[in-house]
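In the UniProt record's numbering, the protein residues as written are 1 to 548.
Worksheet for the structure shown next.
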Amino acid sequence: MSIDYRQEAKDAIDRRDYVSAWNYYTQALIESPKDLALWCNRALVGLNAGFPELTLIDSKRVVFLSLEKGKSMGNDINLQNLVYKARYRLGLAAEKLGLPFLAAREFDLLDTFNSKKNFGNIFEESCHQKKIDMTETYLRQQIILKREYEKRNTKIQISGIGKGWYKFTGNYPWDNRQNERISASMLQKIQAKLDVASDNKLKAVIIRSETDNPKLQLGIKTKQDVPHLTILFEEDPFISIHNRYNLRCDYCINKLSPTAREPGIPLKFPCKNQNCKEVFCNPRCYKKAMELYHRPLCGKDISKIIELSKREIGGLNHHALFLLKLFAIAKERNINPLDIEEIKHFMRLKTNPLFLEGHLVWDPEYESIYNNILSILDITMYDLQYDFWIFITLMNMIGANVFGRTFTDQAAEEKLSSIYPLCALMNHSCCDFVVPQYILPEPSNTVHNLIQDYERRRKRYHRKGYQSYRITLVTHRNLKKGEEIFYPYTQYSNSKPRRHESLLRNFGFMCHCNQCKKESGRYRGKPIAWFLYFPGDERGKNLVELEN
């Protein structure tokens with residue numbers, strides 16, 4: 001007996017169980033992916049469930065589907081009603097995200113549209129007033145944020161004009177993968193890889209935290225006593241990215257020579273497809289890239305993603321290339337991107353009430369990145385295996401699990417980043433940590449600290465052809481059996497308030513290690529002037545100078 005998902009969704013709405021209704025509409029959309037009414041209804045329950053960022057995309061899907069119908073929409077009053085409702089919900093979603101410009105634009109369009117069509121005045125008064133309120137809010141936001149940005153001692157948090165706010169608690173309620181990451185089967189898979197990488201020195205464990213949420217986290221402990229200056233384990237990146245300021249292998253990000261061989265720098269090895277702009281070190285890197293992610297990307301124009309990766313977008317700008325590669329891997333394997341085996345155990349960045357009052361910055365460019373990725377990979381926006389909530393979840397997973405390095409010269413700031421599935425298991429501490437070393441052919445200020453065994457390995461890898469961003473973890477003191485292995489997620493030499501700000505911003509938690517307990521001072525975040533984003537909200541007015 002088949003389930004009537006539409007009726008189940010309606011029953012859930014009557015119970016005000018909007019999450020269940022969202023799930024039922026999703027199941028119905030799997031069967032009918034181009035049903036405007038289903039998308040419109042899911043936009044509504046997403047809004048009521050507290051996910052305006054998802055309503056934003058679902059509403060636009062209705063609009064795009066209506067455009068596909070072309071002239072047939074002109075005489076279809078039911079279709080016109082659906083589009084009208086979808087745009088209204090789009091305006092409400094923008095309003096709830098603190099995007100007054102986008103909301104004002106939608107309500108203005110609806111106000112004009114309603115004056116020409118007869119919809120029984122269902123939203124006429126609401127649209128007209130909302131247009132006025134949102135326009136006033138946006139104009140006030142432009143003036144005040146620009147002025148506050150130029151001050152050296154502003155009292156408010158500056159998000160940037162055109163940016164809003166959203167909440168992400170680590171996962172959407174219908175996503176159970178957070179529980180899977182601490183399952184016995186997951187630990188078994190991780191341990192098999194860790195035994196090889198650490199030469200059986202380390203074990204993956206579940207750590208109970210008294211201060212963080214969720215309370216159970218993964219971690220790494222020693223299986224035996226480990227002496228000072230011992231290589232704990234080595235790991236090659238799963239994937240790496242660079243923001244294209246220099247010529248590098250697009251698989252291992254090794255620096256390349258464009259025309260002639262230079263000492264220590266390989267000549268670029270182009271893709272066999274003459275229309276493809278990705279380059280590699282050698283046939284080995286080309287083959288590995290092809291097997292992992294390159295096939296769906298080969299010959300595609302990714303210039304817009306590269307451009308976005310060079311801009312400051314909510315602190316996650318250069319991760320756009322990671323998202324592109326991960327979606328490409330998922331397409332190659334024909335799976336949901338969140339089911340990529342190498343990253344399923346990752347923790348997710350989540351909002352914390354101690355930072356930005358429990359919100360994350362919402363940038364409309366996220367939508368542009370998502371749409372560009374789908375377009376590049378020839379994925380329809382109605383394919384729920386690559387739904388927008390998956391993109392948002394993946395974006396927050398990447399933000400909390402990337403190891404990066406930055407090179408700055410007079411021309412630009414070059415960012416190199418990699419994802420290491422095993423290194424991601426290590427929890428943070430400001431004091432008791434191992435020392436990571438990258439095996440890079442480029443000069444490093446850590447070279448003089450390398451132990452002899454590590455130097456020998458470096459030379460051997462250089463001769464054989466190696467993953468140029470391999471990471472090696474070296475102990476900086478004697479470790480006892482059963483000790484947890486930590487890694488500093490932020491610059492440990494910074495003051496306690498600066499360390500805590502970085503941790504809250506990038507990972508969503510506060511550190512309570514011994515070092516933090518000893519040091520004085522604490523992070524004090526600047527408040528958000530909510531009245532600049534939401535009409536009728538008075539919070540923050542006392543923090544800025546208002547024009548008479």
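Even for Gly, the Cβ is constructed at its ideal location relative to N, Cα and C.
Met510 sits away from Leu338, with the two beta carbons spaced by 8 Å or more.
The beta carbon of Ser159 lies closer than 6 Å to those of Val361 in the same chain, with the five residues before and after it left out. In this structure the segment 190-206 lies against the segment 226-235, because at least three pairs of beta carbons, one per stretch, are closer than 8 Å. In summary, Ala289 is buried, with 16 or more beta-carbon neighbours lying within 10 Å of its beta-carbon over all protein chains present. In its chain, beyond the 5 residues on either side, no residue has a beta carbon closer than 6 Å to the beta carbon of Lys189. It is roughly 7 Å from the alpha-carbon of Cys281 to the alpha-carbon of Leu267. In this structure the segment 320-338 does not lie against the segment 139-153, because fewer than three pairs of beta carbons, one per stretch, are closer than 8 Å.
If you compare the alpha carbons of Glu180, Lys85, Phe64 and Glu341 with that of Lys193, the shortest gap goes to Glu341.
8 Å or more divides the Cβ of Ala9 from the Cβ of Ala43. Taking 8 Å as the cut-off, the Cβ atoms of Glu53 and Leu99 do not count as close. For the options Asp111, Lys223 and Asp383, the alpha carbon positioned closest to that of Glu484 is the one of Lys223. Taken in chain order, the whole alpha helix (DSSP H) runs of length 4 or more contained in the segment 261-286 number zero. Leu97 sits in coil when the DSSP states are folded into three classes, being neither helix nor strand.
The C-beta distance from Phe107 to Lys131 rounds to 4 Å, short enough to fall under 8 Å. Phe486 is bridged by DSSP to Asn427. Per DSSP, reduced to three states, the secondary structure at Ile30 is helical. Residues Glu148 of the same chain have their beta carbon placed closer than 6 Å to that of Thr154, with the five preceding and five following residues left out of the count. In this structure, Cys40 sits away from Leu90, with a CB-CB distance that is not shorter than 8 Å. The beta carbon of Gln27 lies closer than 6 Å to those of Tyr5 in the same chain, with the five residues before and after it left out. The C-alpha of Leu374 is placed about 15 Å away from the C-alpha of Arg295.
Taken atom to atom, the span from the alpha-carbon of Pro173 to that of His500 is near 28 Å. Remark: C-beta atoms of Tyr487 and Met426 approach each other more closely than 8 Å. When Cβ pairs closer than 8 Å are counted between the two stretches, the segment 490-498 is seen not to touch the segment 233-252, the count staying below three. In this structure, the alpha-carbon of Leu416 lies about 39 Å from that of Val544. Distance from the CA atom of Cys249 to the CA atom of Pro263, rounded to whole angstroms, is 16 Å. By alpha-carbon distance to Lys272, the top candidate from Lys287, Thr259, Ala260 and Pro258 is Lys287. In this structure, Cys298 lies away from Cys252, with their beta-carbon atoms at least 8 Å apart.
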